[in-house]
Amino acid sequence: MIEVQHLSKRYGPFTAVDDVSFSVGAGEILGFLGPNGAGKTTTMRIITGYMPASEGTVTVAGHDVFSDAIEAKKRTGYLPETPPLYPDMSVRDYVTFVARIKGVPSREVRGRVDAVMKKTHIADMASRHCGKLSKGYKQRVGLAQALIHNPDVLVLDEPTAGLDPKQIIEARQLITELGGNHTVVLSTHILPEVSQTCSRVVIIARGKVVAVDTPDNLTARLRGSETMYLQVAAPGADVTPALSAIAGITRVKAEAGANGLVAIEVDCEQGRDVRRELAATVVNHGWGLLELRPMRMSLEDIFLSLTTEDAGAPPADAAPAATEAANA
Amino acid sequence: MRNVITIARKELQSYFASPIAYVVIGFFALLFGYFFASLVYWFEQQSLQMTPGSGPPLNINQALIGPVFMNVSVIVLFVMPMITMRTYAEEKRSGTMELLLTSPLTDVQIILGKFLGALGLYAVMLAVTLIHVGVLFIYGSPEWKPIATVYLGLLLMGACFISAGLFISSLTKNQIVAGMVTFAVFLLLWVINWLGQSFGPTGQAVISHLSITEHLDDFARGIIDTKHVIYYLSFIVFGLFLTARSVDSERWRG
Ligand SMILES: Nc1ncnc2c1ncn2[C@@H]1O[C@H](COP(=O)(O)OP(=O)(O)O)[C@@H](O)[C@H]1O
Ligand SMILES: [Mg+2]
């Protein structure tokens, strides 16, 4: 639905977006993740036709956003970082105005406006001036504005920034509902956002794509190996040799805690499920198995390891995987 | 065309939703009323002083309506920056430019919409003076034709100011800056024919051709000279063209 190919954008001598390529399938929700200044807004502004690229092409539903701009724009809804509201207009007038400039046929305008205001829960504010709305309502009116012409593609720039936790949950719900009917690209610099709403993530830093994958795969790929966490009631000294003997296990790190409990991290070869063997070994030794679960690196860790070049931050085993991801 | 009208309606709506429209119209009505009353008074004095039979009676068109409308051009100079200053500057500042530029509209549609919106407010402002003219028709018998042409001339002149004002507004995010610069430029266009006098006859001819208000004289006499119409129209087109260039280059710069 969206094809971004070798996209670059320079502001004078400064390269804000550098050879970015990715594509988004119909009905997919793609997360565009990167720290502030990574080039997310710039990329989205090019996709939506607000500004032209320095190099590269973007097509939306087969229409080039530069050479076939009007057709591409008819199929795109865009919520910029700050909702583009006219403070002196009432919510209803505003949504109606947007419906008209987005090309909704005159006789359908009223119906669409009502439907979208209902969907985004702003009907109760219909006659309120946009300038007098709370942040949460402004954001919803912004979303209504992006949805009004029922576009194939929705581009949302930091849709949950500045909302309170309750509003964030509502916004996520709404976005999740929108996926399926629309192709959604949303940007964020906050991690939990993408793992909860997105089916795929593009991580961008300093204008370059660092990784593209599903949130789950990214986590797994980055580790290179998988780690299990166990809590066992056992004499600390015996545990390490016993577990190391299991085939496929590369490292065991045991730490004795209070009450004779031992917390253990076990690294095993990728793709090899050793949970049965681990459990059997513990039980056969007569120890108590209190906990056994795969330990995943959170997206937060991945994000940090991918986008920080400062020494110390990236885990040793993350670096090769990150390079691999960037090449993918 | 539907898009142009939608934008124009939105512009007009926003003028009347903010104090701008009322300030502009009120200010204009006040100044116009003052000029009108004092010129009517002066006209009355002149008429009364004339001894019957000493010559043709004073022509109400030439002696009253002409001068009144020349004064309008001065008032326009002051109020027009208030009408045009926010057209682009405010959209850029508030981020609504992102909405317009990512909607399936062409730059020309947006510019024409804004132009017509401002022209609409200006026309409403001029319409206020129809009341005064109506009074003249009740108590005197002016010719209607020079009055119609003077309105045409004023519309064209105002449209020139609007196209220049749109361009200046498109250069900045700050509507106050836009307003000040616009006023300075209008003032220059207005006084440029005084300047001309120090440049000798050819200099004066060239410069008075550039002056926006100079072209209004013939309209006030009831003459529609294509020379002046072409001057005004090309000024308008040039202003709108510069606006289009400015919006486009802003887009490339980002
Ligand atoms: N109009 C502009 N002119 C110059 N530099 C810009 C402009 N817009 C953005 N930048 C720079 O480009 C980089 C990327 O910005 P942006 O796309 O807004 O990042 P993000 O949305 O990921 O925070 C930043 O370093 C920013 O300072
Ligand atoms: Mg941004």
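Each protein sequence line maps, in turn, to chains A and B. Residue numbers are given in my numbering: position 236 of the first sequence equals residue 229, and the series is strictly consecutive. Start counting at 1 in the second sequence, then tack on 40, and there's your number in my numbering. In this text, a Cβ means the ideal position worked out from N, Cα and C, and glycines have one as well.
- Short of 7 Å from the beta carbon of B:Ser286, and not among the five residues preceding or following it, lie these beta carbons of its own chain, in chain order: Phe207, Ser210, Leu211.
- DSSP places A:Gly24 inside the beta strand (DSSP E), whose first and last residues are 22 to 26.
- In the three-state reduction of the DSSP assignment, A:His278 falls in the coil class.
- Distance from the Cα of A:Lys95 is smallest, within the candidate group A:Met221, A:Leu140, A:Lys125, for A:Leu140.
- Counting other Cβ atoms within 10 Å of its Cβ, A:Asp266 stays below 16 and is therefore classed as exposed.
- Using a CB distance cut-off of 9 Å, A:Glu74 counts as an interface residue toward chain B.
- Listed along chain B, no residue sits closer than 7 Å to A:Lys33 by beta-carbon distance, the nearest being about 14 Å off.
- In the displayed model, A:Asp61 falls within coil according to three-state DSSP, outside both helix and strand.
- In the three-state reduction of the DSSP assignment, A:Met110 falls in the helix class.
- Taking all protein chains in view, the Cβ of A:Ile197 is crowded by 16 or more other Cβ atoms within 10 Å, so the residue is classified as buried.
- The straight-line gap separating the alpha-carbon atoms of A:Thr243 and A:Thr233 is approximately 12 Å.
- With its beta carbon at least 9 Å from every one in chain B, A:Ile161 lies outside the interface.
- The count of Cβ pairs closer than 8 Å, one atom from the stretch 114 to 121 of chain B and one from the stretch 212 to 227 of chain B, reaches three, so the stretches are in contact.
- Less than 9 Å separates the beta-carbon of B:Val116 from that of B:Gly198.
- When DSSP reads this structure, A:Tyr71 sits in a beta bridge with A:Val148.
- Note that the C-beta distance between A:Thr207 and A:Pro287 is not below 9 Å.
- A direct Cα-Cα distance of roughly 38 Å separates A:Gly281 from A:Thr190.
- For the alpha helix (DSSP H) assignment, the uninterrupted runs of no fewer than 4 residues enclosed by the stretch 108 to 136 of chain B are, from N- to C-terminal side, 126 to 134.
- The Cβ neighbour count for A:Tyr130, taken over all protein chains shown within 10 Å, is at least 16; the residue is labelled buried.
- No Cβ-Cβ contact shorter than 9 Å links B:Phe83 with B:Leu192.
- In this structure, A:Asn252 has its CB at a distance of at least 8 Å from all heavy atoms of ligand 1.
- Inclusion of A:Ser180 in the 8 Å shell around ligand 2 follows from its C-beta lying nearer than that to a non-hydrogen atom of the ligand.
- Across the structure, A:Val109 and A:Val275 are spaced so that their CA atoms are roughly 58 Å apart.
- Only Thr136, Glu138, Leu139, Leu141, Thr142, Ser143, Pro144, Leu145 from the stretch 136 to 155 of chain B bring a Cβ to less than 7 Å from some Cβ of chain A.
- Distance between A:Thr36 and A:Thr75, taken at the CA atoms: about 16 Å.
- In this structure, A:Arg3 sits away from A:Ser60, with a CB-CB distance that is not shorter than 9 Å.
- Nearest CB-CB separation between B:Asn111 and chain A: not below the 9 Å threshold.
- A:Ser99 has a beta carbon lying within less than 9 Å of a beta carbon in chain B.
- A direct Cα-to-Cα measurement between B:Val108 and B:Pro182 gives close to 14 Å.
- Not flagged as an interface residue toward chain B: A:Tyr222, since no C-beta distance is shorter than 9 Å.
- Relative to the non-hydrogen atoms of ligand 1, the Cβ of A:Phe15 never comes closer than 8 Å to any of them.
- Set against 8 Å, the gap from the CB of A:Pro28 to the closest heavy atom of ligand 1 is smaller.
- A:Gly42 belongs to the set of residues whose beta carbon lies under 9 Å from a beta carbon in chain B.
- Non-local beta-carbon contacts of A:Gly241 in its own chain, meaning distances under 7 Å to residues more than five positions away in sequence, involve Cys261, Glu262, Arg265, Val267 in chain order.
- Per DSSP, the continuous alpha helix (DSSP H) segment holding B:His172 begins and ends at 169 to 179.
- Looking at the backbone, the Cα of A:Thr181 and that of B:Leu196 are separated by about 50 Å.
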